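Let me begin by presenting the structure, written as structure tokens, before commenting on it.
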Amino acid sequence: MAGFTERASARIAERLEPLMGAAHDAASDPPVKSARTTVVVGRLLGAAFLICFGTGVYSHLLQDPLPWLPMPTRPVELFRFTQGLHVISGTAAVPLLLAKLWTVYPRLFTWPPVRSVGHFLERASIAVLVGVSLVEVTIGLMNLVQWYAFPFPFRATHFALAWVLIGALAIHLGVKLPVIARVWRRPRGDRADATGRFVSRRGFLAAVGAAGASAVALTAGQSVPALAPLNVLAPRRMGVGPQGLPINRTAAQAGVTETAVAPDWVLTVASPAGSRDFTLDDLRALPQAEEVLPIACVEGWSQSATWRGVRLVDLLDAAEAPEPSAPLRIESLQERGAFARTEMPPQYARDPLTLVALELDGGTLDIDHGYPARVIAPGRPGVMQTKWLRRIEVTA
Amino acid sequence: MRAARTALVGVGLGLAAFGAFLVLTEIAPSRWLGIAVWVGAAILLHDGVVAPVVVAVGLGAARVRTRVGDRGVAVAQAALVVGAILTAITVPALVASMIGNPNPTILVGSYGVALAVIWAVLLAVAGIALGVSRTTVLRAERDARTK
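Chains as they are written, first to last, in the numbering used here: chain F, 1 to 396; chain W, 397 to 543.
So this is what it looks like as structure tokens:
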């Protein structure tokens, strides 16, 4: 039996080795698919992934705050900036990732496939890095268009795999550090514009640069006003939506088309001191304030708008609620969905810029924007800017 | 060097372990197989389909380079890369547009039309570059013969 399996593996290896060799030679392009090109592209890809990771963790901390880590309320456009950057970097990572893999593809056909335990672990870590990178970028792009075709929840998976990706990236850098250091010392005879079989090195880098630049230029306009005229490929467009502002979830999708316009609607403000109901007329009778604050969606699009309504601090005063020192509980008329109930950390609740908005850009709030009343606070993700308010509770 | 390598691998193992911990604690066990299948399928799809196609295109380019000229082939390749990347990042929008979304403020672009225009421009650029490049090569060959 032992003899049979030995002979069988020898036969398989005999057949496979020339095939792998041929594949390796076909994919190889030594001067261009070199360690130097890999390092040049890898550096940019690493930067893109680190930006995605940092901004992604920031977004998660805003959505699930740690009790001991207060999140900043200024600048008011901070989350708009970080999340726009997250999606832009992720988009730019598509050509960089494919370019990086192009430069190392011949290594897939290394023979023998595994030389030692260390070599096996290195290849396994690269498999994880490659697979997870491709999945992260793919499901990120799919989430932007709300195409949930994957058999797992987006947010938890995108977040967990991001840690795996950054960990595998650090391992990869540790393993490859000698190669990277060698390239940084610029070995002699390694020309910047080496001519390969398929393409010259400069030609390759220029193509990848053009692809990355055009991908960003044609999509970033959903969050960067200066690029809005070029935005033909992004899912959202500035100025397109009710009252000229996009929305994440319509009133119909949230199932509030009737409850939001019910004549007996009231906003309940509860606190340990008691509870008070405000009708829409009550809210309009309170002192009104106007603020320019952005709606910045976790999906990357964002737009600034002028909101008018009651400052949350004034509303809590009118309800004789104590100054909040713990997160507020905010409830929407929306029955289902992860954001039907949200918590607002006290620093946002005490912020004078935080409004219970009744108007948007000079008109009554459209039902899709949260009529009769919605929260708008500085520096928070759009999903936390609760629409169709029903109840605000100050907890002790 | 050794200290830096050890530190990077150590930190990497820690971060990846935390990621694995998140998968195990924050995601229902019934979803784990789906994640593994997607990661495995991504590798197979890249290494087995995307990369070989790109290699084949490169081999084709290598064959015509001497006849057409380096510059023209390089511009055509770059046009192909730009077109392929722009198509790849727009596929989700195309598919999601076909599925439809009750929210009228998402998927507001005409993605098929935009891609058609982009490809038309890129093919024109590639065609012109190849034409100019081929003419230059032919002229150089003629000059070499007449001298």
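Idealized CB from N, CA, C, for every residue including glycine.
The structure presented is a predicted model; accordingly, all values stated were derived computationally and were not measured.
CA-CA distance, F/Leu141 to W/Thr486, rounds to 9 Å.
The Cβ-Cβ distance between F/Ser302 and F/Gly54 does not fall below 8 Å. Among the residues facing chain W, F/Ile247 is included, as its CB has a counterpart in that chain under 8 Å away.
Here the segment 197-212 of chain F makes contact with the segment 90-103 of chain F; the two share three or more CB pairs at distances below 8 Å. Taking a beta-carbon distance threshold of 8 Å, F/Gly221 does not count as an interface residue toward chain W. Here DSSP, grouped into helix, strand and coil, assigns F/Ala296 to strand. The alpha carbon of F/Ser214 has as its nearest neighbour, out of W/Ala412, W/Val478, W/Phe417, the alpha carbon of W/Val478. At a C-beta separation below 9 Å, F/Ile51 has no neighbours in chain W, since its nearest C-beta there lies roughly 16 Å away.
For F/Gln146, the nearest CB of chain W lies under 8 Å from its own CB, placing it at the interface with that chain. Rounded to whole angstroms, F/Asp281 and F/Gly382 show a C-alpha spacing of 26 Å.
DSSP places F/Leu355 in the strand class (E or B) of the three-state scheme.
Pairing F/Ala22 with F/Pro75, the inter-Cα distance amounts to about 57 Å.
Under the three-state reduction of DSSP output, F/Leu389 falls in the strand class.
Rounded to the nearest whole angstrom, the CA to CA distance from W/Tyr507 to W/Pro488 is 10 Å. Between F/Pro346 and F/Pro327 the beta-carbon gap is near 7 Å, inside 8 Å, which marks them as a contact. Residue range 341-344 is occupied by the beta strand (DSSP E) that includes F/Thr342, with no alpha helix (DSSP H) assigned at that position. The distance from the Cβ of F/Thr395 to that of F/Leu333 is about 21 Å, inconsistent with a contact at the 8 Å cut-off. For F/Ser116, the three-state secondary structure derived from DSSP is coil. Taking C-beta atoms as the reference points, F/Gly212 and F/Pro70 fail to come closer than 8 Å. The count of Cβ pairs closer than 8 Å, one atom from the segment 142-159 of chain F and one from the segment 411-424 of chain W, reaches three, so the stretches are in contact.
The beta carbon of F/Leu230 sits closer than 7 Å to those of Ala217, Leu218, Gly221, all from its chain and outside the five residues before and after it, given in chain order. Within 10 angstroms of the beta-carbon of F/Pro225 lie fewer than 16 other beta-carbons, which makes it exposed. Sequence-ordered contacts of the segment 225-249 of chain F with chain W read Asn231, Val232, Leu233, Ala234, Pro235, Arg236, Arg237, Val240, Gly241, Pro242, Leu245, Pro246, Ile247, Asn248, Arg249 [C-beta pairs closer than 9 Å].
Only residues of its own chain outside the window of five on either side were considered, and among them Pro242, Ile247, Thr250, Ala251 have a CB closer than 7 Å to the CB of F/Asp368, listed in chain order.
Nearest C-alpha to F/Arg374 among F/Ala338, F/Val313, F/Gly309: F/Gly309. Taken in chain order, the members of the segment 193-208 of chain F whose beta-carbon sits within less than 9 Å of a beta-carbon on chain W are Thr195, Gly196, Arg197, Phe198, Val199, Ser200, Arg202, Gly203, Phe204, Ala206, Ala207, Val208. Proximity of chain W to F/Ser214 at the Cβ level (cut-off 7 Å) is accounted for by Val478, Leu482, in chain order. At a cut-off of 8 Å, the C-beta of W/Thr486 has a neighbouring C-beta in chain F. Interface annotation, F/Val94: in contact with chain W, CB-CB separation under 8 Å. Contact between W/Ala458 and F/Phe198 is confirmed by a C-beta separation of about 6 Å, below the 8 Å threshold. In this structure, F/Val145 is the residue among F/Val135, F/Glu77, F/Val145, F/Leu134 with its C-alpha nearest to the C-alpha of W/Val504. C-alpha of F/Pro272 to C-alpha of F/Arg336: approximately 27 Å in a straight line. For W/Gly456, there is no enclosing beta strand (DSSP E); the enclosing alpha helix (DSSP H) has its first and last residue at 447-464. Here F/Ala319 carries a coil assignment [DSSP, helix/strand/coil]. Of the candidates F/Tyr148, F/Leu355, F/Glu393, F/Leu355 places its Cα closest to the Cα of F/Gln385. According to DSSP, residue pairing for F/Glu290 in a beta bridge involves F/Arg308.
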